[in-house]
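Shown next, in structure tokens, is the structure this report addresses.
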Amino acid sequence: ESQHLVKVSASGSLDNDFGTSGIKDITNAAINSQNLKIDSMTPGASGPSGTFFFQARLGSNSTPGIVKFTAAGAIDTSFGEGGFVAVPRPANYEMSKTTFDSDGDGNLYVGTASSNTEDAVVAKFSANGVEDQSFGTNGILTLNTSSDPVEYVSQIDFNDGKLSASIVSGDTGWEGVKKITTVVRFN
45 ESQHLVKVSA
55 SGSLDNDFGT
65 SGIKDITNAA
75 INSQNLKIDS
85 MTPGASGPSG
95 TFFFQARLGS
105 NSTPGIVKFT
115 AAGAIDTSFG
125 EGGFVAVPRP
135 ANYEMSKTTF
145 DSDGDGNLYV
155 GTASSNTEDA
165 VVAKFSANGV
175 EDQSFGTNGI
185 LTLNTSSDPV
195 EYVSQIDFND
205 GKLSASIVSG
215 DTGWEGVKKI
225 TTVVRFN
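The numbering of the sequence shown is my numbering, which starts it at 45 and goes up by one.
Next up, the structure:
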């Protein structure tokens with residue numbers, strides 16, 4: 045399976061300064077000699093100065109995480125370990141339903157779910173991919189808004205200097221499904 049990044053200008057045409065005629069082939073991209081696979085089912089997020097982030101998997105173990113690219117489409121090796129940050133942290137958090145956004149300073153906020161506590165969580169990483177231990181408790185903000193188990197954070201958004209998170213919770217049964225979405229905005 046081939047993978048490509050495409051950069052489009054504000055006018056809707058391919059950005060010829062990016063890759064080859066606006067398209068960059070990342071099919072064989074690697075970080076520290078490990079194969080990188082972008083999760084094509086998860087939208088990316090833009091960062092400052094034209095940088096952008098994607099959910100990805102790295103290596104033969106398919107370690108889930110976030111990869112950062114420069115505005116020119118190169119892997120940003122100043123981010124995390126060679127451009128990749130394993131997410132989420134701590135262990136036992138899954139990335140099957142993950143959302144992320146960055147603030148104007150390039151800090152990255154990642155929302156996902158805990159596989160062992162049925163809580164939604166948000167983690168914060170600095171612009172260079174270091175987990176912010178001052179955020180939440182040891183770098184993880186746990187979100188549980190009701191007595192119903194929280195399934196996951198469905199959307200993270202950082203606007204006007206404030207973080208918003210949409211949380212899906214409720215009965216997860218197939219028939220007669222009751223889902224509750226709560227939007228929380230933090231100061």
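Each residue gets a CB set at the ideal place from its N, CA and C atoms; glycine is no exception.
Indicate the three-state DSSP secondary structure (helix, strand or coil) for S170 in the structure shown.
Within the sequence shown, numbered from 1, the residue matching residue 170 stands at position 126. Of the three classes helix, strand and coil, the one that applies to S170 here is coil, per DSSP.
Do A157 and A167 come within 8 Å of each other at the CB atom, strictly closer than that value?
Taking the sequence shown and counting its residues from 1, the one referred to as residue 167 is at position 123. Taking the sequence shown and counting its residues from 1, the one referred to as residue 157 is at position 113. For A167 and A157, no; Cβs fall outside 8 Å.
Candidates H48, N72, S77 and Y153: which alpha carbon is nearest S90's?
As a position in the sequence shown, residue 90 is number 46, starting the count at 1. That would be Y153, whose Cα lies nearest to the Cα of S90.
Note down the Cα distance separating G127 from A100, rounded to an integer number of angstroms.
In the sequence shown, residue 127 corresponds to position 83, counting from 1. In the sequence shown, residue 100 corresponds to position 56, counting from 1. The alpha-carbon atoms of G127 and A100 are separated by roughly 11 Å.
Return the first residue and the last residue of the beta strand (DSSP E) that F97 is part of.
Position 53 of the sequence shown, counting from 1, holds the residue named residue 97. F97 -> beta strand (DSSP E) spans F96 to L102.
Assigned secondary structure, S93 (DSSP; H/G/I helix, E/B strand, else coil):
Residue mapping note: residue 93 aligns to position 49 of the sequence shown, counting from 1. S93 falls in the helix class under three-state DSSP.
Using 8 Å for Cβ pairs, my map puts S198 next to T143. What's the rounded Cβ distance?
As a first step, residue 198 is located in the sequence shown; it is residue number 154 there, counting from the start. As a first step, residue 143 is located in the sequence shown; it is residue number 99 there, counting from the start. Correct: roughly 6 Å between the Cβ atoms.
Among T95, G63, K112 and I75, which residue has its Cα nearest to the Cα of S104?
One-based indexing of the sequence shown puts residue 104 at position 60. Of the listed residues, the one whose Cα sits closest to S104 is I75.
Determine whether the beta carbon atoms of F97 and G88 lie at a separation below 8 Å.
Reading the sequence shown from its first residue, position 53 is the one you call residue 97. Reading the sequence shown from its first residue, position 44 is the one you call residue 88. The answer is yes: Cβ separation under 8 Å.
Can you name, in chain order, every residue of its own chain whose Cβ lies under 6 Å from the Cβ of D69, other than the five neighbours on each side?
Position 25 of the sequence shown, counted from the first residue, corresponds to residue 69. For D69, the CB contacts under 6 Å within the same chain, skipping 5 residues up- and downstream, are H48 in chain order.
D149 and A171 closer than 8 Å at C-beta:
In the sequence shown, residue 149 corresponds to position 105, counting from 1. In the sequence shown, residue 171 corresponds to position 127, counting from 1. In this structure, D149 sits near A171, with a CB-CB distance shorter than 8 Å.
Following the continuous beta strand (DSSP E) through A187, name the residue where it begins and the one where it ends.
Counting from 1 along the sequence shown, the entry for residue 187 is found at position 143. Note on residue identity: the sequence assigns Leu, not Ala, to residue 187. Secondary structure note for L187: its beta strand (DSSP E) is the uninterrupted segment I184 to L187.
Nearest-angstrom Cα distance between G183 and I67?
Locating residue 183 in the sequence shown gives position 139, where the first residue counts as 1. Locating residue 67 in the sequence shown gives position 23, where the first residue counts as 1. G183 and I67: Cα-Cα distance of roughly 36 Å.
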